[in-house]
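Undergrad: Dropping the structure in here first, questions after.
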Amino acid sequence: MNNDSQTGSKESEWVRLRSTDGFSYLVKRKVAEASGTIRNMLDSEGGYAEAISRVCEIRERGIIVEKLVEYMSFKTHYESVGTKEEVPVKEFMERIPPEIVLELLLAADYQEM
1 MNNDSQTGSK ESEWVRLRST DGFSYLVKRK VAEASGTIRN MLDSEGGYAE
51 AISRVCEIRE RGIIVEKLVE YMSFKTHYES VGTKEEVPVK EFMERIPPEI
101 VLELLLAADY QEM
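Okay, structure coming up:
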């Protein structure tokens, strides 16, 4: 197989992210790999079970995993935008409830986002 077809198949793969309270999120692999931790978990050369099963257990509550997924999608969608002024950061930040900000910050740091 050539590298182009391997890259294309990786981009079309789906990955399941599961929270500690049982919520499950199905996201494209490209989106999930916006997290350095998840990228390492899914690397076939790393020898992790997640690389085979494509299911990543995230040790966070469902609301936190949901916001991490939203951010990874946001980051992946806007990574090719020309200038920072074109990215609606304020709009994204308004969707984060203040009561989870600290927990979300710690989770994002652990996930290398």
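Just so we're aligned, residue 1 is where the sequence shown starts under my numbering, counting upward by one. Glycine included, every Cβ here is placed at the ideal spot set by N, Cα and C. On a predicted model such as this, the values are computed, not experimentally measured, just so you know.
Give me whichever residues DSSP pairs with residue 69 in a beta bridge.
TA: For the purposes of this step, residue 69 is taken as the residue at position 69 of the sequence shown. Note: residue 69 sits in no beta bridge, so no partner.
Undergrad: Measuring straight from C-alpha to C-alpha, what distance separates residue 24 and residue 70?
TA: Taking the first residue of the sequence shown as position 1, residue 24 is located at position 24. Taking the first residue of the sequence shown as position 1, residue 70 is located at position 70. Roughly 13 Å separates the two Cα atoms.
Undergrad: Determine the contact status of residue 19 and residue 60, defining contact as a CB-CB distance below 8 Å.
TA: To locate residue 19, count along the sequence shown from 1; it is residue 19. To locate residue 60, count along the sequence shown from 1; it is residue 60. For residue 19 and residue 60, yes; Cβs fall inside 8 Å.
Undergrad: Under a Cβ-count criterion, where at least 16 other Cβ atoms within 10 Å of its own Cβ denotes burial, should residue 52 be classed as buried or exposed?
TA: Counting from 1 along the sequence shown, the entry for residue 52 is found at position 52. Flag for residue 52 reads exposed.
Undergrad: Enumerated in chain order, which unbroken segments of the alpha helix (DSSP H) with a length of 4 residues or greater are wholly contained in the region 21-94?
TA: Counting only runs of 4 or more, we get 29-32, 36-42, 49-53, 62-78 and 89-93.
Undergrad: With a Cβ-Cβ cutoff of 8 Å, do residue 55 and residue 16 count as a contact?
TA: In the sequence shown, the residue the question calls residue 55 occupies position 55. In the sequence shown, the residue the question calls residue 16 occupies position 16. Yes; because the gap between Cβ atoms is below 8 Å, this pair is in contact.
Undergrad: Please return the same chain residues whose Cβ sits closer than 7 Å to the Cβ of residue 50, not counting the five positions on each side in sequence.
TA: Taking the first residue of the sequence shown as position 1, residue 50 is located at position 50. The answer, listed in chain order, is 41, 42 and 56.
Undergrad: Please list, in chain order, all residues of the same chain as residue 87 whose beta carbon is under 6 Å from its beta carbon, the five residues on each side excluded.
TA: In the sequence shown, the residue the question calls residue 87 occupies position 87. 78 and 81.
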